[in-house]
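First up is the structure itself, then whatever we jot down about it.
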Amino acid sequence: MESNLTLMLEALAGQGCILPSEQRAALDISLKIKKQDAGLSTLALWGRVFTRTGNDYILAEGTVSAKRVDRKLVFDTKYYFTQDGVLWLDLQPPENDYRYALCKSAKGPFTGDPANVFLVVSDPVEPSEFEKLVEPAVAGDKSSSSVTDEKTGSEADTEAPSESEPENDDNDEDPPGEPGEAQVIPDEEVVEGEGGGEGGAEGELEEIPAGVEVPELERLCGLMKWIDEECGVVPINSLVLTPHDDLIKNHAFTGPIFFDELDSYCHLFGGYMTAPLSKDLPGSWGCHVIPLQNDVIVKSLVWPGYFSYYSTTNHDWGSIYFGYGEKNNDIGFGVP
1 MESNLTLMLE ALAGQGCILP SEQRAALDIS LKIKKQDAGL STLALWGRVF
51 TRTGNDYILA EGTVSAKRVD RKLVFDTKYY FTQDGVLWLD LQPPENDYRY
101 ALCKSAKGPF TGDPANVFLV VSDPVEPSEF EKLVEPAVAG DKSSSSVTDE
151 KTGSEADTEA PSESEPENDD NDEDPPGEPG EAQVIPDEEV VEGEGGGEGG
201 AEGELEEIPA GVEVPELERL CGLMKWIDEE CGVVPINSLV LTPHDDLIKN
251 HAFTGPIFFD ELDSYCHLFG GYMTAPLSKD LPGSWGCHVI PLQNDVIVKS
301 LVWPGYFSYY STTNHDWGSI YFGYGEKNND IGFGVP
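Take a look at the structure:
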């Protein structure tokens, strides 16, 4: 949902959520223009994803509508990105669950190049299938070694009597000046990939799955959707349903009673009003009050860089993400 950009960045500046001054000044105007041009009901700064080249992505998320359908909230969400704070471009979400799973499986930092493509292995080779590929090769090596051993043994047996037999190799040798006939191998007997050439190596590499191409922008949009599903923190009672089942901001919201407890905050996309943060994995969320500012900061330890804040003075709230897009999968080792 839409929040005050200036108040949010000032409240979360101590957490490292800082933008360059020129980009921050441009966002105040460019977000309003993009919201009007796209016909959105809300448009807010979503966060910033750091890249290894320094050409970071500044992301925004807007909604056309948010309604309750069959006791479930349905969001018509739009995603945008910019790298200069002025020109906003659309992000296309993954078209199906399979592509969405590929975006989650992608590893490594973002490059900052919108044309970059990641290679993601969708179906890794299982141990049983891997053994099927390796065992014939190993069996072939063993059989060839046994054949050579048998040959060496038979040659040793035949060499002994050959010393006593008279040498009659003169008739077998070709007369001088008359070379022996060359043996012609038919083309049908030539098997591709044999001989240790480059063709054999290429044939073996073709059996290894190279992966599925996932564009960087698609992965970026999948990251936004993923973090929204697992985080998306809002204060309880900060949103209200209209008689037409539209979810809007509650202008009569005066703040939670116990604003420094996790029971006062919930997941917006994971079941509003029914999924408080206190039901999540213990130790996966942190909540503290900043002295002299009267701001409550809720941070995620599963997604380092995700912060949500609530101001007790003006009752403003919002959330933002500043990070590399890496999930902390070792959270179980840090939970007390």
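Heads up: the sequence shown begins at 1 in full-length UniProt numbering, then just goes up one per residue. Backbone N, C-alpha and C fix where the C-beta goes; we use that ideal spot for every residue, glycine too. In this text, all values refer to a predicted model and were calculated from it rather than measured experimentally.
Which value, in whole angstroms, describes the spacing of the CA atoms of residue 257 and residue 264?
8 Å
C-alpha gap between residue 47 and residue 15, whole angstroms
13 Å
Going by other Cβ atoms of all chains shown within 10 Å of its Cβ, with 16 needed for buried, is residue 245 buried or exposed?
exposed
What residue range is occupied by the uninterrupted beta strand (DSSP E) comprising residue 213?
212-215
Those runs of the beta strand (DSSP E) which lie wholly inside the segment 241-284 and span at least 3 residues
247-249 and 265-267
So residue 319 and residue 233 are in contact, right, with Cβ under 8 Å, and what is the actual spacing, rounded?
6 Å
Reduced DSSP secondary structure (H/G/I, E/B, other) of residue 18
coil
Which one or two residues does DSSP pair with residue 48 in a beta bridge?
58 and 322
Name the two residues that bound the continuous alpha helix (DSSP H) containing residue 90.
Counting along the chain, residue 90 falls outside any alpha helix (DSSP H), though it belongs to the beta strand (DSSP E) covering 89-91.
Closest residue to residue 292 among 11, 3 and 4 (Cα-Cα distance)
11
In the DSSP assignment, the alpha helix (DSSP H) including residue 104 goes from what residue to what residue?
97-105
Go through its chain and collect everything with a Cβ distance to residue 322's Cβ below 7 Å, but skip five positions before and after it.
16, 17, 47, 48 and 305
Candidates 30, 72 and 241: closest to residue 59 by CA position:
30
Supposed close pair residue 75, residue 63 - CB separation, criterion 8 Å:
6 Å
Which partner residues of residue 317 appear in the DSSP bridge assignment?
310
Residues sharing a beta bridge with residue 295, DSSP
290 and 311
Could you pull out every residue in the same chain whose Cβ sits closer than 8 Å to the Cβ of residue 112, ignoring the five residues on either side in sequence?
51, 52, 53, 54, 55, 56, 57 and 83
Count the C-beta pairs between the segment 79-94 and the segment 278-288 that are closer than 8 Å, then say yes if the count reaches three, no if not.
no
Looking only at C-alpha atoms, which of 302, 317 and 308 sits nearest to residue 333?
302
Do the CB positions of residue 335 and residue 213 come within less than 8 Å of each other?
no
At what residues does the alpha helix (DSSP H) containing residue 6 begin and finish?
5-11
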